[in-house]
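Novice: My questions will all concern the structure given below.
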Amino acid sequence: MKKINKSEGSASARTLENLKEIEPRLKVGVLVLNTGHGLYIGGINYGIESDLPHARAILNAMDGQSTCAQISQNSGAGLDDVLEIVRALDNAGLVDTVRTSIRVQRFHSPNPNRSTHKNDDSNDGGFQQLQSKLAPELSASTWISGVRDGGVNVIAQRRNWEVSIFGEGRIATLLYGILLASGISETLLIPAKNSTAISAESLTSGFLRQSDIGLNLKVRSSELAGELSLFPANSSDAREKFAISIGQPQADQQQEWMSSGTPHLVIEPAECASLFIGPLVIPGITPCLRCVRLIRHEREILWDEIELNRLTHAPSEVPVSVAHYVAGLITLELLSYIDREKSQLLGACLTIDFHNLATTDRTLYTRHLACGCNWGQEKSPR
Ligand SMILES: [Zn+2]
1 MKKINKSEGS
11 ASARTLENLK
21 EIEPRLKVGV
31 LVLNTGHGLY
41 IGGINYGIES
51 DLPHARAILN
61 AMDGQSTCAQ
71 ISQNSGAGLD
81 DVLEIVRALD
91 NAGLVDTVRT
101 SIRVQRFHSP
111 NPNRSTHKND
121 DSNDGGFQQL
131 QSKLAPELSA
141 STWISGVRDG
151 GVNVIAQRRN
161 WEVSIFGEGR
171 IATLLYGILL
181 ASGISETLLI
191 PAKNSTAISA
201 ESLTSGFLRQ
211 SDIGLNLKVR
221 SSELAGELSL
231 FPANSSDARE
241 KFAISIGQPQ
251 ADQQQEWMSS
261 GTPHLVIEPA
271 ECASLFIGPL
281 VIPGITPCLR
291 CVRLIRHERE
301 ILWDEIELNR
311 LTHAPSEVPV
321 SVAHYVAGLI
331 TLELLSYIDR
341 EKSQLLGACL
351 TIDFHNLATT
361 DRTLYTRHLA
371 CGCNWGQEKS
381 PR
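When the letters of the sequence shown are read in order and numbered with UniProt numbering, they come out as residues 1 to 382.
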């Protein structure tokens, strides 16, 4: 048995405790293909090859409810062969070996199955809807390096975050709906003015309808939260906070995020069919918005003029297609940060060219010595 084309950064070699007692199952989407002289087991980019005679029978018996000893019994393969293949699959990050449940508060029932995402036998429509909405999220989270529970815990942890979107417009409203549907149950949409109404311009094939025009944006989006959210409302108070600003934030708002240690991300207004995003700022740890401004001032000869121009020109709305693209991109980067503490936007900014999306420009930034955003800060990453 050999490992082939294993991509860097995926599951590293692990030691399984009490290997015989675990109940392994292949991760969602793992391919099992005949190679002519054995089996290829893996994803598109990497996997393992096995020439064990009972390999397919072993894989078929890996139902997530049978121990390795039972798999050996059910498949007719020797226990050593089962352990060998499970160990190789685990080292390659291709198998789940832990079961985790998501507890939701909506299902008040003495039956414990009704408060988990699996083993439900209640014919509860809401529960089944939750399961079907969870499956696509899990199909991605299970492939995160080091995940062994099908990605369940990663998705469940998203409920511990409160994400505030400051601003309005197409990107803001789409982002609001996508984040809720991705499991960030506590997503808040905070327009610049409480009185901001929904306009025809806001309709983007998203969750707002023609009949919503003229209604208060903040109130209406809040009303729709239950319909959009992946999970039922979560009453947990222990939330980590994140802020997203559509357009430049007010100076006092920015200062508040910095002093409270709130990670934040700014999406600048569209200009000349392009959009500048980032960086994702972890106060005191990564380059802040002021660092970027100081560096752009030094690097870009027209930067000061551009900033002045922005003060006197109202931002323009983006095309529907761009709004969906940017909202999806921001959500994926934010979830990457929440799920894995990683993001391509940490210390970096993206310039999105509406007519050339395949070559999005990513510029790296460092902390500027004159900024002082790290002075007196000793906070370490979470
Ligand atoms: Zn700074």
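We put the CB at the ideal spot given by N, CA and C, even for glycine. This structure is a prediction, so every number in the text was calculated from the model and none was measured.
1) Where DSSP assigns a beta bridge to His264, which residues make up the other side?
2) Given a cut-off of 8 Å, decide if Pro269 and Ala348 are closer than it, judged by their beta-carbon atoms.
3) Please report how far the alpha carbon of Ala243 lies from the alpha carbon of Asp361, in whole angstroms.
4) How many angstroms separate the CA atom of Ile267 from the CA atom of Cys288?
5) If contact is defined by three or more beta carbon pairs under 8 Å, each pair taking one atom from either stretch, is the segment 357-374 in contact with the segment 206-218?
6) Per DSSP, what kind of secondary structure is Phe127 in: helix, strand or coil?
7) Please tell me whether, using a cut-off of 7 Å, the distance from the CB of Cys371 to the nearest non-hydrogen atom of ligand 1 is below it.
8) Does any heavy atom of ligand 1 sit closer than 7 Å to the C-beta of Arg367?
9) Ignoring anything shorter than 3 residues, give me the beta strand (DSSP E) runs that lie fully in the segment 20-78, in order along the chain.
10) Can you check DSSP and say which residues form a bridge with Glu271?
11) Should the segment 185-202 be regarded as contacting the segment 351-358, the criterion being three or more beta carbon pairs within less than 8 Å?
12) Where do the ends of the alpha helix (DSSP H) carrying Ile165 lie?
13) Whole angstroms is fine: what's the gap from Ser195's alpha carbon to Asn216's?
14) Please confirm if the segment 144-163 is in contact with the segment 181-189, defined as three or more CB-CB distances below 8 Å between the two stretches.
15) Cα separation between residue 388 and Ser101?
16) Taking 7 Å as the limit between beta carbons, can you name the residues of its chain near Val292, skipping five residues before and five after?
17) For the beta strand (DSSP E) containing Ile155, name the first residue and the last one.
18) Quick check: what's the CA-CA separation for Ser222 versus Ile178?
19) Helix, strand or coil: which one does DSSP assign to Val95?
20) Could you tell me the boundaries of the alpha helix (DSSP H) in which Ala181 lies?
21) Can you find the residues in the same chain that come closer than 6 Å, C-beta to C-beta, to Glu227, ignoring five residues on each side of it along the sequence?
22) By how many angstroms is the C-alpha of Arg103 removed from the C-alpha of Ser259?
23) Measure the C-alpha to C-alpha separation of Ala197 and Lys241 and round it to an integer number of angstroms.
24) Return the chain-ordered list of same chain residues with a C-beta closer than 7 Å to the C-beta of Ser50, the five sequence neighbours on each side being excluded.
25) Just curious, the beta strand (DSSP E) that Ile184 is in, first and last residue?
26) Just the Cα atoms here: how many angstroms apart are Leu329 and Leu52?
27) Tell me Arg362's beta-bridge partners as DSSP assigns them.
28) Run through the segment 288-359 for me and flag every whole beta strand (DSSP E) of 3 or more residues, listed as ranges in chain order.
29) I need the boundaries of the alpha helix (DSSP H) containing Lys218, first residue and last residue.
30) Grab me the residues of Asp121's own chain with a C-beta within less than 6 Å of its C-beta, minus the 5 sequence neighbours each way, in chain order.
31) In whole angstroms, what is the alpha-carbon distance linking Gly47 and Leu94?
32) Between which residues of its own chain and Arg340 is the CB-CB distance below 7 Å, once the five residues before and five after are set aside?
33) When the distance is taken between beta carbons, is Leu26 closer than 8 Å to Leu79?
34) Can you name, in chain order, every residue of its own chain whose Cβ lies under 6 Å from the Cβ of Pro191, other than the five neighbours on each side?
35) Using a threshold of 7 Å, is the CB atom of Arg25 nearer than that to any non-hydrogen atom of ligand 1?
36) Counting C-beta neighbours from all protein chains within 10 Å, is the total for Ala77 16 or more, i.e. buried, or is it exposed?
Specialist: If we stick to the structure as given:
1) Ala243, Val281
2) no
3) Across the structure, Ala243 and Asp361 are spaced so that their CA atoms are roughly 23 Å apart.
4) 14 Å
5) no
6) If DSSP states are grouped into helix, strand and coil, Phe127 belongs with the helices.
7) Within the cutoff, so yes.
8) Yes, the beta carbon of Arg367 sits closer than 7 Å to at least one heavy atom of ligand 1.
9) 31-34, 39-42, 47-50
10) Ser274
11) No contact exists between the segment 185-202 and the segment 351-358.
12) Where Ile165 is concerned, there is no enclosing alpha helix (DSSP H), although the beta strand (DSSP E) it sits in stretches over 161-166.
13) 6 Å
14) Yes, they touch.
15) Beyond the ends of the chain as shown, which are 1 and 382, falls residue 388; an answer cannot be given.
16) Excluding residues within five positions, the ones whose Cβ falls inside 7 Å are Pro279, Cys349, Tyr365.
17) Bounds of any beta strand (DSSP E) do not take in Ile155; it lies within the alpha helix (DSSP H) bounded by 152-157.
18) A direct Cα-Cα distance of roughly 14 Å separates Ser222 from Ile178.
19) Three-state result, Val95: strand.
20) First-last of the alpha helix (DSSP H) with Ala181: 170-181.
21) So the list is empty, once near-sequence residues are dropped.
22) Rounded to whole angstroms, Ser259 to Arg103 spans 34 Å at the Cα level.
23) Taken atom to atom, the span from the alpha-carbon of Ala197 to that of Lys241 is near 26 Å.
24) Met1, Gly38, Leu39, Ile41, Ile85
25) Careful: Ile184 lies outside any beta strand (DSSP E) and carries neither H nor E.
26) 43 Å
27) Leu350
28) 348-353
29) 217-228
30) Because Asp121 sits at a pLDDT of 48, beneath the cut-off of 50, its placement in the model cannot be relied upon, and the following sentence gives the value as read from the coordinates. Hits under 6 Å: none found.
31) 8 Å
32) Within the same chain, Cβ atoms closer than 7 Å to the Cβ of Arg340 are found at Ile144, the five residues on either side in sequence being excluded.
33) no
34) Taken in chain order, the residues that qualify are Glu168, Leu217, Lys218.
35) no
36) Answer is buried; the Cβ neighbour count reaches 16.
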